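Sequential numbering from 21 applies to the sequence shown in the working numbering.
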Amino acid sequence: MKSVLHQNLKNLTKFSGGVLRLNPSTFKRHTLPSVITCRCYNHNNSDRIIPELMEFPQLYTPKITNTIRNRFLAATLIRPYFDKDFTIGQFCSGAKLAAHQVSQSLATGDLSDIEDSLTPSCFSTVSRNLSLFSMKQRAELDLQLDDISNHYLYQIGIMMDDQPDEFGNYGRQVECTWVAQAFKDFLSLVDECGGNPMDVKRAMDAQGGPTVLNFRFIRDYTKNVEDSWTINALNYYKVLQP
C-alpha cells in the first residue's frame, strides 16, 4: 500500500489552497520575523543544532530574477505543454504538506512511510545521515503545519533531452526547489511573549533562530510516462547554527 505522502505527492499540483489555509488574521499576527542575511557555520555536524541530511545549497532569500523566471516558465511552458493544472500557489501548498509529513517521519526515525516519495539516492543519503542524529537533533525536525511559514517556490528548472528515445519522444523533467521557514511551537512562543516581536525574536535567537527547510521536487513529463512529484533533495538548517 502506498504511503499517504506518496499519494499526496502524486497529486501535488491539485491541492486546493483550502487544505492548508490558516486563519488569515492569525497568520498576519504570527508571521515569522525576517531572518538575518549573515551566518557563520561550523561544519562539524556533531556541534550543529540540526546536522546536514544532504549536501544541498542553503537557500532562504527569494531572488527576484528567479520569481520572474518561475512565473514565465509556469505560464509559457509547464501549463501549455506539460501540465495544464500546474500553478505555483497550489504547488507550494502541496509542498508544505509534503514537507510536514517528511518532517514527522524524520523526527520519529521511521522512514518507511516516505521511502516511495524520495528518489533512491535521496532516501539512501537521508537514511544514512539521519542515523547519526541524536534524539535531541531529531526532535528539532518535529514540525507541525502551523510551525511552517514564509514558504515560496525558489526556482523552477526544466531539463529536456537533445535526442529522442527509441520511440521518438524527447525526455523532459521539471524540478521545483521550495523553501520555507519554521519554528517549533511558534504560536505558543508568540503567546508567551505577549505578541511582542522583539521578545519573540530574542527567544528564537536563543534557540538558534528559525529552521529553514530546503526541498527539491522532480517530475518526469516525458510523453507516455506516468510519474508524480518525488523529492530528490532536502535539508534543514538553523539560521544561527553554531
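Ideal placement from N, C-alpha and C gives every residue a C-beta, glycine not left out.
This structure is a prediction, so every number in the text was calculated from the model and none was measured.
Count the other C-beta atoms from every protein chain shown that fall within 10 angstroms of the C-beta of residue i, then say buried if there are 16 or more, exposed otherwise.
i	result
Asp181	exposed
Gly229	buried
Ile56	Because the pLDDT of Ile56 is 32, which lies under 50, any placement of that residue in the model is unreliable, and the number read from its coordinates should be weighed accordingly. By the 10 Å Cβ count, Ile56 comes out exposed.
Met224	buried
Glu75	exposed
Val245	exposed
Ser123	buried
Using alpha carbons as the reference points, say which of the options lies closest to residue i.
i	options	result
Leu207	Ile251, Ala159 and Asp166	Asp166
Lys258	Pro82, Ser154, Phe153 and Leu161	Leu161
Is the beta carbon of residue i sitting closer than 8 Å to the one on residue j?
i	j	result
Val199	Tyr241	no
Cys142	Leu233	no
Leu131	Ser125	yes
Ile238	Gln183	no
Leu150	Leu73	yes
Which class does residue i belong to by DSSP, given the choice of helix, strand or coil?
i	result
Gly109	helix
Arg68	coil
Ile84	helix
Thr200	Checking the sequence, you will find Ala at residue 200 rather than Thr. In the structure shown, Ala200 sits in a strand (DSSP, three-state: E or B).
Met74	coil
Val194	strand
Asn216	coil
Tyr241	coil
Thr145	helix
Gln157	helix
Asp114	Sequence check: residue 114 is Gly here, not Asp. Gly114 falls in the helix class under three-state DSSP.
Since residue i and residue j are thought to touch, with beta carbons under 8 Å apart, how far apart are those beta carbons, to the nearest angstrom?
i	j	result
Gln157	Pro71	6 Å
Leu93	Ile168	25 Å between Cβ atoms; not a contact.
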